[in-house]
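Only one structure is covered here, and it is reproduced in the block below.
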Amino acid sequence: MSAAPSQVLPQSQSEGMSQLVDLQVATSASTPVASVDHVARGRWLCSQLEAANILFFPHAPFEIAPNDREFLLGRTQTSSALHKNVAYRPAEDRITGLAKSEEQEAARLRVILKTYSQNATRFLGELLTPYAGNWKLDFASFRPLEERGRPARLHARNDLPHFDSFPTRPTNGDRILRFFSNINPKQNRVWATSQTFEAIGPHFAQTLGLPSARSNNPVARGLRDLAKAIHFPGARRSPYDDFMHRCHNAMKEDATFRETCPKQRWEFPPGSSWMVFTDSVSHAVLEGQYALEQTFLISRAAMVEPQKSPIAILERIAGHSLSI
Ligand SMILES: O=C(O)CCC(=O)C(=O)O
Ligand SMILES: [Fe+2]
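Letter 18 of the sequence shown, counting from 1, is numbered 18 in the working numbering, and no numbers are missing.
Laid out in structure tokens, this is it:
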């Protein structure tokens, strides 16, 4: 089974929508990408990601040990500890989201997520040569809950199309790249995507308004530097981050947008993996249970087509810098 879209849009409607790049097909011996060298192939794959396309791997590009998968699927654990989303923070080598009483599961889960994080990092580093090392390794996560009908606050709902923006981890224009693995042996993970940031971002810039230029006088600059130095809350949030967060919320709040925006449905089968820039692919998860994920914050400077980045699009509209 492949992640072929379950509704094929006519050409006129597919404009401005994310496309699927099937890596098994794209790298098979008969296609042009297969014959070019490793570095050129890496650039091509990055350009596909930057065009807000989905890189799809029908078969997992690295192994998840069968006994680890069994544990994650809940067959060999003893408590209900693994019945909620859990994050792994590579920089601190620790997991969050579990209670003290769940220490035994936490220890094993930490090792499994650490291994996944390291494998994903090695795999992306080898594949996406322009980005290798030009990133900050963000969190990995385990998603054991059935997504269909999962209750959540409006802004936390992942079944409504949105661009990602993490209020606690501002990127200042760097990009959010996420690698997902469906570890469910039977069930597809189902996504809907809508228009790309390039297609719809300007509309939100107009309706929500962009932050005005920051004052460049020495006193204002000094105050900003001081706020950063003393870790004043919000001091590291750029005007870009503010906008992206408002945009994320507005997309979820706007009932007309959520109901009328064009949507394409994707089915990611058991054992498959995929990756997208979730700050430019508007996405929603509709169904599925048991996924692993690793997030990378890729330096804006490492983009092969920097003019397509959300920050570049917004800065062209604003006429001034939105970073700090
Ligand atoms: O879990 C998924 O498949 C994607 C959910 C999502 O939109 C997110 O984590 O930002
Ligand atoms: Fe998301």
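Cβ coordinates follow ideal geometry from the N, Cα and C atoms, glycine included.
Do the region 167-174 and the region 238-245 meet, that is, are 3 or more Cβ pairs less than 8 Å apart? Contact between the region 167-174 and the region 238-245 is present, because at least three Cβ pairs lie under 8 Å.
Let me know the secondary structure DSSP gives E293 once reduced to three states. strand
My understanding is that L177 touches I324, with C-beta atoms under 8 Å, so please give their C-beta distance in whole angstroms. Between I324 and L177 the Cβ distance is about 21 Å, and since that is not below 8 Å, they are no contact.
Are the region 272-280 and the region 174-189 touching, with three or more C-beta to C-beta distances below 8 Å? yes
So, under 8 Å CB-CB, K84 and G97 are touching, yes? Tell me the CB distance rounded to an integer number of Å. Right, their Cβ atoms sit about 6 Å apart.
Sort T295, Q19, Q118 by Cα distance to F166 and report the nearest one. Residue nearest to F166 within the set T295, Q19, Q118 is T295 (criterion: CA-CA distance).
Using a Cβ-based criterion (distance less than 8 Å to any ligand heavy atom), does H162 qualify as near ligand 1? Because some heavy atom of ligand 1 lies under 8 Å away, the Cβ of H162 counts as near it: yes.
What residue range is occupied by the uninterrupted alpha helix (DSSP H) comprising Q104? 103-127
Buried or exposed: where does S212 fall if 16 or more other Cβ atoms within 10 Å of its Cβ makes it buried? exposed
Please go through the region 34-78 and give each complete beta strand (DSSP E) segment of 3 or more residues, from N-terminal end onward. 54-57
Quick one: does the C-beta of T196 sit closer than 8 Å to a heavy atom of ligand 2? Not so, every heavy atom of ligand 2 lies at least 8 Å from the Cβ.
For Y359, list the residues DSSP reports as bridge partners. Here the chain covers residues 1 to 324 and nothing more, so residue 359 does not appear.
What do you get for P218, buried or exposed, if any count of 16 or more other CB atoms within 10 angstroms of its CB means buried? exposed
Straight-line gap, L137 to P90 (C-alpha atoms, nearest Å): 7 Å
Which residues bound the alpha helix (DSSP H) around I313? That run of the alpha helix (DSSP H) goes 310-318.
What is the DSSP secondary structure of H231, counted as helix, strand or coil? DSSP places H231 outside both helix and strand once states are collapsed to three, so it counts as coil.
Looking only at its chain, what residues have a beta carbon closer than 7 Å to the beta carbon of A312, apart from the 5 residues adjacent to it on each side? P306
Is the beta carbon of L124 less than 9 Å from the beta carbon of A132? yes
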